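What follows is a single structure, written as structure tokens, with notes after it.
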Amino acid sequence: MVRTEPLPPELRRMNLEIEEIARSAGLDFYQVIFELLDARDVNALAAYTGFPVRYPSWRFGMEFERLDKGYAWGLSKIYELVINNDPTYAYLVRSNTPMEQKLVMAHVYGHADFFKHNIWFQPTNRHMVDGMADHGSRIRRYIERYGQEEVERFLDAALALDNLIDPYLPLRELRKSKAPARRPVSPLERARRSFRAVSGERPEPDEVEVPPPSGTPTLDVLGFLAKHADLSDWQRDILEVVRSEAYYFVPQRMTKIMNEGWASFWHSRIMTRSLVDASEIVDFADCHSGATASQPGQLNPYKLGIDLFRYAEEKGMDLFRLRATHNDVSFIDTVVDEEFAHRSNLFLYNRNPRTGRMEVADRDWQAIKSELLASMAGGGAPQIELVDRDYEGREELLLVHRFDGRELQLDQAGETLKQVAQLWKRPCHLETQADGQTVRLTSDGVEVKSVETLEGAEEAAEDRQAS
Amino acid sequence: MHRIERDRARFREIVRGRLRKDLRKYLSSTELLGRRGDKSVSIPIPQIELPRFRFGDNSKQGVGQGPGEEGDPVDGEPQEGEGAGSAGDQAGSHILEVDVDLAELAEMLGDELELPNIEPRGDRLLSAEGGRYTGIRTTGPKSLRHFRRTYDRALRRTIASGDWDPFDPKVIPIHDDERIRHQKPAPKPESSAVIFHVMDVSGSMGREQKDVVRIKAFWIDTWLRSQYTNLEVVYIVHDAVARVVDQETFFHLRESGGTKISSAYELLLEQILEKYRPEEWNIYPFHYSDGDNWSARDTERCVGLLRDELLPRVNQFCYGQVKSAYGSGQFMKDLDGALGQEERLVTASVEDREGVPGAIKAFLGRGV
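Protein chains in written order, with this note's numbering: chain B, 664 to 1130; chain Y, 1140 to 1507.
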């Protein structure tokens, strides 16, 4: 559906110039291929998360509906879309002004450098455009054979579980394969290795697929099910597809602030120092401040990210090292201090029980920082661990939510657990906390039961340790 | 067809309930476009959100960025006491809020429901009055000054002339910077129309039924307004007797008692004969009821009035039957039975809010 055509000469010239500036500034990237598309096509691509070919699903249609209507009503407009791949593909919207195209290109080179160098992206499949197309054709084949509804139902069930993965697994496995583990290594040595891993000596991880699931306990519940559940071949394959795509996307969740911050930092620098001409400066400022505007109630990753990188530069930190070695959590932990919180106008808000409104509660930097870190832990998804695959000797699964202060939406958790049980074909249990109590949900795939076990929880914990 | 169009078509089929009925229970926000204030509308986008392991909405706190003292409200939060009557604060519903004027809105409604433009009776001259403020000029009344464009020009001039000081960013527009909104003429056919909204307010019409009527009446008005330069709206309510009321009363009145539909049709006829003569007016009566009439005799009388007096005089008579817990819905069956052949009579039943677009399409889809 992407009608590829060569860039018009004006844009091609611009691109060469920007690429040159980006390289001389120290950015390094796979080849970047820009394509010029109509807004509608960009919306369609965005609905497919950037990939021209994906499996058929109403979900993409739903996303397209939203983007398309938003565009038609003049509410939202996609400026830039770039995908982590070698070569790196990026899309330009035909209706943008030349100034906007320059800005987007400069921004894209920031992302492209980040994809290539940030450590969390090292294990990702760099030929995911092909990977996605392959997943699409596999699923299309199953649809032909088993019927759309049947396959779609299973796919929906699998996608409901696509956050049951271990975000740290691919990187762990990558390191293991690099240096066969003999004995525990010191933290210093680990850090050195990760530096080496990003410095580029490593052979190209060509067909990197996701590492095989490990044993229990594991956060990679999806991998466990794909390997051990009693499924037919096509069902197992769909779980694999969903799992592999989930692992491909997880680094983007973990580095959202850094990634956008890095790209914005560079588009701003390249534009203001080398590229924007006098007649465009007001429009550029307008566009840039629109993208980095902060709204009081929420954090804008572009704004927070660019603030962090600018502050880090001012403090003499090595920006290129920062962008290679961190994710959002460790980056914020490293950079945010009292001065930053103050200068960036950060505040903590909470709900005033009297008025029912959200109000500015605190400007204490330590409180702000710990709330920031807490809210980003685990890439924003609950950490749910499979701790026992043979619970009480009945081949039932016991999942435990690693509680960090944020409660699960219980009714949805019950429904989701039901789907786990349907895949596993045996009852499954989930322990979490609600209103300060430990709660155990149990589902046999048909019903969901919920039991509060205040005392029972400790016993269970002891049991687990004993076994 | 694009692949994405296939996915979208499938999504729409699911939303309409034709496929994958198991997903319907996860569908959120199907309220049709509602009105907020004078001009802005919210456009709910249907969304299906399947259950996952996710954090609940029990977030007691968060981090924001911006100015503000301790205790200052964080903007973007709904105020208490606003938005009464509109559901849609359920998790996951996407509601886009926009400012559009009613002409654009009508156009979009027309596109969405594929409504044909109406060819009014009685051709008259084109009028070039009115029009919208879509143009920009350098002269004109100050009250129409385009603030943003004016300051944009002023900023450019300040920078170009070297007076810009980033540490004391002052922008003072001068006369040449001013940009003034300018009205572009938009010729429209001159023609007049009158809408009669007739509602049954007997005890069986509850709040939900009235809401459906309210939404429907708003959209019908909006559409017809885009088609006629001169549109009048007359509101009539009836239980056992009928009377003309103002808009406010029409939507808020709660009466009880029996239902004698003929009383409304008689009043309607009286209005048409006295004030809105068919040679000069395009006439659109809309009657909403739950379909429970007093007696079969009265229904007969209604059928007679419609066939002999009303239908010959109107462009189209629309009867919308709103489903209620008490209504028998008999009236629509009787109408269809007796007058099913009549071209100018359109009947539609509306189950709930979701049925509104379908009913509007049935009413206005003929373009007469």
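Positions of the beta carbon are idealized from the N, C-alpha and C atoms, including for glycine. A quick note: this is a predicted structure, and the numbers were derived from the prediction, not measured.
Proximity of Pro1324 (chain Y) to chain B, defined by a Cβ-Cβ separation below 9 Å, is not satisfied. By the criterion of a C-beta distance shorter than 6 Å, Ile1187 (chain Y) is surrounded in its chain by Leu1162, Tyr1165 and Leu1166, once the five residues flanking it on both sides are discounted. Within chain Y, no residue has its CB atom less than 8 Å from the CB of Ala702 (chain B), the nearest being about 13 Å off. Under a criterion of Cβ atoms nearer than 7 Å, the residues of chain B adjacent to Ile1153 (chain Y) are, in order, Trp721. Within chain Y, the residues Gln1200, Glu1209 and Gly1210 have their CB atoms less than 9 Å from the CB of Ala1024 (chain B), given in chain order. With a threshold of 9 Å between beta carbons, Ile1313 (chain Y) makes no contact with chain B. Contact between Ser937 (chain B) and His951 (chain B) fails: their C-beta atoms lie close to 15 Å from each other, not under 8 Å.
Per DSSP, the continuous beta strand (DSSP E) segment holding Met1338 (chain Y) begins and ends at Ser1331 to Asp1339.
Taking the C-beta atoms as reference points, Glu1001 (chain B) is found no nearer than 9 Å to Gly1201 (chain Y).
In this model, Thr997 (chain B) and Met980 (chain B) are separated by some 10 Å (Cα to Cα).
Apart from the 5 residues on each side of it in sequence, His1005 (chain B) sits with its Cβ closer than 8 Å to the Cβ of Arg1026 and Trp1028 in its chain, given in chain order. For the pair Glu1110 (chain B) and Leu1049 (chain B), the Cα-to-Cα distance works out to about 20 Å.
The beta-carbon of Ile969 (chain B) is placed no less than 9 Å from the nearest beta-carbon of chain Y. When CB distances to chain Y are screened at a threshold of 9 Å, the residues of the stretch 823-835 of chain B falling below it are Ala823, Leu824, Asp825, Asn826 and Leu827, in chain order. Around Glu726 (chain B), the same chain offers Ala709 and Ala710 as residues with beta carbons nearer than 8 Å, after the five sequence neighbours per side are excluded.
In the pairwise beta carbon analysis, the stretch 1422-1430 of chain Y is classified as touching the stretch 1347-1356 of chain Y: at least three pairs are separated by under 8 Å. Listed as beta-bridge partners of Ser687 (chain B) by DSSP are no residues whatsoever.
Beta-bridge partners of Gln1096 (chain B) (DSSP): B:Thr1101.
Taking a beta-carbon distance threshold of 9 Å, Lys779 (chain B) does not count as an interface residue toward chain Y. Proximity of chain Y to Ile802 (chain B) at the Cβ level (cut-off 9 Å) is not reached, the minimal Cβ distance being about 13 Å. One finds Asp819 and Ala823 in chain B with Cβ atoms closer than 7 Å to the Cβ of Leu1189 (chain Y), taken in chain order.
DSSP places Met980 (chain B) outside both helix and strand once states are collapsed to three, so it counts as coil. By the Cβ test, the stretch 933-947 of chain B is not in contact with the stretch 823-842 of chain B, since fewer than three Cβ pairs between them sit closer than 8 Å. Residues of the same chain with a CB within less than 8 Å of the CB of Ile1275 (chain Y), apart from the 5 flanking positions on each side, are His1285, Arg1288, Arg1318, Ile1319, Arg1320 and His1321 in chain order.
At least 9 Å separates the CB of Pro880 (chain B) from every CB of chain Y.
Here Gly1476 (chain Y) is not near Val1489 (chain Y), since their CB atoms are 9 Å or more apart. In the structure shown, Gly1274 (chain Y) falls within a strand segment according to DSSP collapsed to helix, strand and coil.
Relative to Val705 (chain B), the option among B:Glu683, B:Tyr752 and B:Arg676 whose CA is nearest is B:Tyr752. CA-CA distance, Phe1470 (chain Y) to Thr1018 (chain B), rounds to 49 Å.
Inclusion of Val1023 (chain B) and Tyr1012 (chain B) in the CB contact set at 9 Å is warranted, their separation being smaller than that value.
The Cβ neighbour count for Ser1343 (chain Y), taken over all protein chains shown within 10 Å, is at least 16; the residue is labelled buried.
Counted as a single uninterrupted DSSP element, the beta strand (DSSP E) harbouring Asp1051 (chain B) occupies residues Ile1047 to Tyr1054. About 6 Å separates the beta carbons of Gln1204 (chain Y) and Leu962 (chain B), which is inside the 8 Å limit, making them a contact pair. Residues of chain Y with a Cβ closer than 8 Å to the Cβ of Lys1112 (chain B) do not exist, since the nearest Cβ in that chain sits about 16 Å away. The C-alpha of Gln1072 (chain B) lies about 10 Å from the C-alpha of Gln1096 (chain B). Between Tyr911 (chain B) and Thr787 (chain B), the beta carbon gap of about 5 Å places them in contact (Cβ cut-off 8 Å).
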